[in-house]
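Enquirer: This is the structure, below, for whatever I ask next.
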Ligand SMILES: Nc1ncnc2c1ncn2[C@@H]1O[C@H](COP(=O)(O)OP(=O)(O)OP(=O)(O)O)[C@@H](O)[C@H]1O
Ligand SMILES: [Mg+2]
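Residue numbers (the working numbering), protein chains in the order written: chain A, 1232 to 1582; chain B, 9 to 386; chain C, 2 to 621.
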């Protein structure tokens, strides 16, 4: 566990809206959390709660019709959201890299995987071991050769079998696991500060999943990067992550070290989420589920977005009336590094 | 296929007689019916048609090459004065159409694709609106009208130049045809053909020209003059051909460009929303690289289809343009044939149309395979 | 995780998919509202929509906007009666082609000792005023230049600075005619001589600064010299047989015969743009010279004009003896079938003021006052000239788009043509839509061999360029507007069949269709009530774009002669009619084309806007 508290990324009050024909989808409603240097942070939440949107806003990759309407994202004392486009571009792939979920659709079908990786290397590092002036002089085919060597090295790093021959293969010629490794290769190719894996293993079968997770873990340790890991799977979180941020309906409801989350969750949603995990040792007839549905983000419930499904609020109708449905709860500290956004808990704490 | 098509065009007899009903007498119908063999059952008609196309006589063994090389007998085009064998007319006229079609297609692609890209990237902004108007005007313009107006412009520009005392004249109405004084020994192509003819199994016959004015004129190097003069002359002829092909090609290209622009735009917009573009962005690639390296390749595929189909369309007759500009291609011939109800000519035309469509589909498929590795091996 | 949503549904006994159908309609409604709000913001769409609205209103109000009918009157040249007037009741203004009486002598040429052989009216120096080119019986070619002023300039003076090359030795009687023989848009001269030969000179300079080549013998394609039994009177005229605007040649001679040479040269397939004369025209009507035996004496001068409101040429034939005959043509412009008419069919009288038949007199037609109606000049051999103006009586409205070759008001013709073309487009697209949708949805819904068969049929239609196919069908059915519409429907339905088949295929496996089937609805009901409404949008977009496409194609077909008949007010036809004069009178072509352009552009803008809004792939 990392003790140092150097933050790499500080997200403050991020709001992202999508202006669609159904109305304005308020996808993120004031996301706030920190990412510490060298840690691996898990982002968990039901589908559609805004995890992907959050990590994409970190790279400023929100596309039309979406818009980041508010917030700051500090990376090394600079606000990513205020940078000009060119600077952000230089950040992408070099300092912050992303691994996407679906290795089929995210790889360009018409370009060989080798070239797709080489692209990153050439862009962010240039030819290894050469100054710019020297690079100019290198002939085109020579350059290809050097690049290819470099790519093969990265392929070997991500344990791709027969790395040399893969260079000229197209994505459709690879298996799902191999493609995912190629994506990871792309991400680590330029030694980024922060790696973001957005459900990087969801599309794979369980054994491959385990391999990839292991690979990610090893790479993170070897390269000493920070990892933001988005997933639905709490089991993976338990294995991979130092800290967890729980998302609900575009808000962060709880952030805490992994152990704390699993041992003493505070937010009612987190509790519900944990109850829904099938446990091998305590077989139950049915899985508990949180009653109600994920909120509609065009007309989200006011205040705390969880309030319509919240048993705590149910039990404390006055607080619900006066707070839960009125104001968005702030993240309050409940122990070291343990932040929770809940009016009822806050009231209880105060008592 | 061409048999079916030409038969499905309508009752050949009715069409033979067509508009002048006065000539329609019982007698005439009977004679015509017999002449055309229409009293026979359909399958016999078909068989006859095939027989005429490529007679089934057993070729002698030594002759097998010439038998295959022999042009199929497509009948005689009676709308010609004097009547000419259909195959000759096609051989004579097709190059003119092809030249025009290919030339304008190059134009259209070279302008249309960049325009489509720009308007996709700047969607709903000024460049998009401008390119949309250009493109839509292209498809909305009656091409024959455009051609006529262009001619008015060219003609009046002569007057204007003249009035200004420049003495400059668009040499539009004079065009040199070198076919007439094109001799085999005179030029490179003729020499090549001559050499090939020396091979024992090959007889290309006297084919001194490609029929493409641009190429013929450029390759024409008259013998017996100093080399420099001969080159200058060939360049002059080339420029002349260029001047002549430009106005009709411009008209055609505008329309084709419109289609290509719109298609490229649509495909680009679609592609730019694909996941792999997001990945490319997340890699920090510049917009230019993303567009030209990652998006364009994918977007070009539907554009290719459109371009292939419209090239096929152009090759089978740029009917209106050829009419307006007096271009001696197969399109005008087809109009002539149809209005004179010249059945052989129509059948021949249908044949070549089918052939061109098949070929251009093949071409598009080959290009696909070149662009898209996913279909390369199967 | 079981969601509450699914639980609710399970409690219901009604198949839930029925709801999802209603739901899909609801979202459709919502999409529609949103689409409309987006469309309201698109300036180009609004422009297109506004244009179409305006055009439709103009078309509907056509009878109130213009007093003239779509077709000018057909006048019986014998009785001067109106034969036809369209549309009934739409017009209350009477228009007639009228003649003034022949004027007195308005020019007297100094011919010295010679007599006038033939006068040719032409604007040789390109100053828009008509000049006389006079051939005399003493080997001279005189150029009388019009020095008058104003639109109706009629004052001629001998211009001596305009020198022609030397007249060939043996020729004493010079019979001139003019035409552009090398296609450089500069008028050249051909003369016929009493030696039976034709000679020509080409102006290598400009109209105002002429540079004539020497007279050379006229030869035919094979290089043989054209020779006639006596004095030859050549007339260069553009029969436009193959629509190529090339100059054809008609020669009258002392054997009472008229020889017709059609120019089969193609503009760019010949070394120079010279007339190619066919000595032996291989087929029917050009086989024999036209024989006028017994109608007069001396050699024949022929002049051609449009006097009937048809496209075809009419002809006036004058003998040296002064006998003149007017032939009206019943054929098409491209094959003037007066050439087939026998003597019984000729109109000896004609409704211009009667003239005495004086030996040696000559007629020439020319629209000297630029009202697009030919006027008549009569020359007498002593050198005096008289002319009569032909004009059209109108109610004095301004003719803002000008008039056409027959004096028709282009503006009102455009409006009628607009109406016709819009109706045609809607009619064609509607039928194509109905046929295509039925075929397509049946094919898609039932699949199997029905699908296969129907799609093979559409393939046949697709394998063919639409224009050519429509052309062939229209030609086979006979050339008129209705048959044109049939041809267009036949070409267009296949597209809709494809679209609706695709839609039905993608729609038919959706839950609500299976639900409908489970409930026991009949197939037709499922197709028409459930599947089709959901596939409407792509069809709608296609139909809007096709409205423009149909207008364009119909105009194109009419332009090349399929569809509208000569003289019909149809936009493409009007352009075709104006094509003959389009260099001198571009408005003949410009305005109808502009109207086509506007209609098609407007439909395209609408269709394009709709597609952008409705295509889920590219909308936001
Ligand atoms: N392009 C878009 N247009 C409209 N709404 C969008 C768009 N992208 C995301 N959203 C909305 O933003 C919300 C958050 O989406 P997001 O993709 O971040 O969810 P997620 O937590 O990553 O879910 P999953 O676990 O399924 O990946 C969703 O409700 C979604 O409807
Ligand atoms: Mg996601």
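Virtual Cβ for every residue (Gly too), placed ideally from N, Cα, C.
Hey, would you say residue 1463 (chain A) sits closer than 9 Å to residue 1278 (chain A), going by beta carbons?
Expert: Cβ atoms of residue 1463 (chain A) and residue 1278 (chain A): closer than 9 Å.
Enquirer: Could you confirm whether any beta carbon from chain B is found closer than 9 Å to the beta carbon of residue 1596 (chain A)?
Expert: Outside the displayed span of chain A (1232 to 1582) sits residue 1596 (chain A), for which this structure offers no information.
Enquirer: Can you pull the chain C residues whose beta carbon is under 7 Å from the beta carbon of residue 152 (chain B), in chain order?
Expert: Ordered by position in chain C, the residues that pass the 7 Å Cβ test against residue 152 (chain B) are 557, 560 and 576.
Enquirer: Does ligand 1 have even one heavy atom less than 8 Å from the beta-carbon of residue 1284 (chain A)?
Expert: It does: the Cβ of residue 1284 (chain A) is within 8 Å (strictly closer) of some heavy atom of ligand 1.
Enquirer: Look at the alpha carbon of residue 145 (chain B) and the alpha carbon of residue 1427 (chain A), and state the distance between them as a whole number of angstroms.
Expert: Roughly 48 Å between the two C-alpha positions.
Enquirer: Who are the neighbours of residue 1333 (chain A) on chain B, taking C-beta pairs under 9 Å?
Expert: What residue 1333 (chain A) touches in chain B: 283.
Enquirer: What residues from the stretch 123-137 of chain B come within 8 Å of chain C, judged by C-beta to C-beta, listed N to C?
Expert: Those would be 137, in chain order.
Enquirer: Give the single residue among A:1418, A:1490 and A:1342 whose Cα lies nearest to the Cα of residue 1456 (chain A).
Expert: Ranking A:1418, A:1490 and A:1342 by Cα distance to residue 1456 (chain A) puts A:1418 first.
Enquirer: Which ranges does the alpha helix (DSSP H) cover as unbroken runs of at least 4 residues, wholly within the stretch 320-352 of chain B, from first to last along the chain?
Expert: Runs of the alpha helix (DSSP H) inside the stretch 320-352 of chain B: 327-333 and 338-347.
Enquirer: Determine, using beta carbons only, whether residue 270 (chain B) comes closer than 9 Å to chain C.
Expert: Yes, residue 270 (chain B) lies at the interface with chain C (some Cβ there is under 9 Å from its Cβ).
Enquirer: If you scan the stretch 1304-1333 of chain A from start to end, which runs of the beta strand (DSSP E) of 3 or more residues do you find wholly inside it?
Expert: Taking only runs of at least 3 residues, the beta strand (DSSP E) segments lying wholly in the stretch 1304-1333 of chain A are 1327-1330.
Enquirer: Please state whether DSSP places residue 24 (chain B) in a helix, a strand or coil.
Expert: With a pLDDT of only 38 at residue 24 (chain B), under the threshold of 50, the placement of this residue in the model should not be trusted, and no figure is reported.
Enquirer: I need the DSSP call for residue 232 (chain C), collapsed to helix, strand or coil.
Expert: Coil, per DSSP.
Enquirer: Along the stretch 293-316 of chain B, what residues have a CB closer than 8 Å to any CB found in chain A?
Expert: Within the stretch 293-316 of chain B, the qualifying residues are 293, 294, 297, 301, 302, 305 and 306.
Enquirer: From residue 1562 (chain A) to residue 521 (chain C), what distance separates their C-alpha atoms?
Expert: Cα-Cα distance, rounded: 57 Å.
Enquirer: Can you find a C-beta in chain B that's less than 9 Å from the C-beta of residue 74 (chain C)?
Expert: Annotation note: pLDDT 47 at residue 74 (chain C) (below 50); position unreliable, coordinate value reported separately. Judged by the 9 Å Cβ criterion, residue 74 (chain C) is not in contact with chain B.
Enquirer: Got a sec: does ligand 4 put a non-hydrogen atom nearer than 8 Å to the Cβ of residue 1560 (chain A)?
Expert: Absence of ligand 4 is noted for the structure shown, with ligand 1 and ligand 2 being the only ligands found.
Enquirer: Using a 10 Å radius around the Cβ and a threshold of 16 neighbouring Cβ atoms, would you call residue 300 (chain C) buried or exposed?
Expert: Looking at its Cβ environment, which holds 16 or more other Cβ atoms inside 10 Å, residue 300 (chain C) is buried.
Enquirer: State yes or no: is the C-beta of residue 113 (chain B) within less than 9 Å of the C-beta of residue 249 (chain B)?
Expert: No, these two residues do not count as a Cβ contact at 9 Å.
Enquirer: Beta-carbon of residue 1249 (chain A) versus every beta-carbon of chain B: anything under 9 Å?
Expert: For residue 1249 (chain A), the answer is no, since every Cβ of chain B falls outside 9 Å of its Cβ.
Enquirer: Is any heavy atom of ligand 1 found at a distance shorter than 8 Å from the C-beta of residue 1258 (chain A)?
Expert: The answer is yes for residue 1258 (chain A).
Enquirer: By how many angstroms is the C-alpha of residue 370 (chain B) removed from the C-alpha of residue 439 (chain C)?
Expert: Residue 439 (chain C) and residue 370 (chain B): Cα-Cα distance of roughly 32 Å.
Enquirer: Does residue 1313 (chain A) pass the burial test, meaning 16 or more other C-beta atoms within 10 Å, or should it be called exposed?
Expert: Counting Cβ neighbours within 10 Å, residue 1313 (chain A) comes out exposed, since fewer than 16 surround it.
Enquirer: Check whether the stretch 606-615 of chain C touches the stretch 32-47 of chain C, counting contact only when three or more Cβ pairs, one atom from each stretch, lie closer than 8 Å.
Expert: In short, these stretches touch, since the Cβ pair count reaches three.
Enquirer: Indicate the three-state DSSP secondary structure (helix, strand or coil) for residue 1390 (chain A) in the structure shown.
Expert: It is coil, neither helix nor strand.
Enquirer: Taking CB distances under 9 Å as the criterion, tell me whether residue 379 (chain B) reaches chain A.
Expert: Judged by the 9 Å Cβ criterion, residue 379 (chain B) is in contact with chain A.
Enquirer: Is there at least one non-hydrogen atom of ligand 1 closer than 8 Å to the beta-carbon of residue 329 (chain B)?
Expert: No, ligand 1 has no heavy atom inside 8 Å of this Cβ.
Enquirer: Are residue 296 (chain C) and residue 260 (chain C) closer than 9 Å when you measure CB to CB?
Expert: In this structure, residue 260 (chain C) does not lie closer than 9 Å to residue 296 (chain C) by Cβ.
Enquirer: Thinking residue 130 (chain C) and residue 149 (chain C) are a contact (beta carbons under 8 Å), I'd like their distance in whole angstroms, please.
Expert: Between residue 149 (chain C) and residue 130 (chain C) the Cβ distance is about 7 Å, and since that is below 8 Å, they are a contact.
Enquirer: With DSSP run on the structure shown, which of helix, strand or coil describes residue 499 (chain C)?
Expert: Three-state DSSP puts residue 499 (chain C) in a helix.
Enquirer: Does ligand 1 have even one heavy atom less than 8 Å from the beta-carbon of residue 1296 (chain A)?
Expert: Because some heavy atom of ligand 1 lies under 8 Å away, the Cβ of residue 1296 (chain A) counts as near it: yes.
Enquirer: May I ask which residues mark the beginning and end of the alpha helix (DSSP H) holding residue 1346 (chain A)?
Expert: From DSSP, the alpha helix (DSSP H) with residue 1346 (chain A) extends over 1344-1355.
Enquirer: When you check each C-beta in the stretch 597-616 of chain C against every C-beta of chain B, which residues fall closer than 7 Å?
Expert: Hits within the stretch, in order: 597, 598, 601, 602, 605, 606 and 609.
Enquirer: With a Cβ-Cβ cutoff of 9 Å, do residue 1386 (chain A) and residue 1271 (chain A) count as a contact?
Expert: No, they are not a contact pair.
Enquirer: Compute the beta-carbon to beta-carbon distance between residue 257 (chain C) and residue 248 (chain C), rounded to the nearest angstrom, for a pair I have assumed lies under 8 Å.
Expert: Residue 257 (chain C) to residue 248 (chain C), Cβ: 25 Å. No contact.
Enquirer: Under a CB-based cut-off of 9 Å, is residue 275 (chain B) close to chain A?
Expert: False, the Cβ-Cβ gap to chain A never drops below 9 Å.
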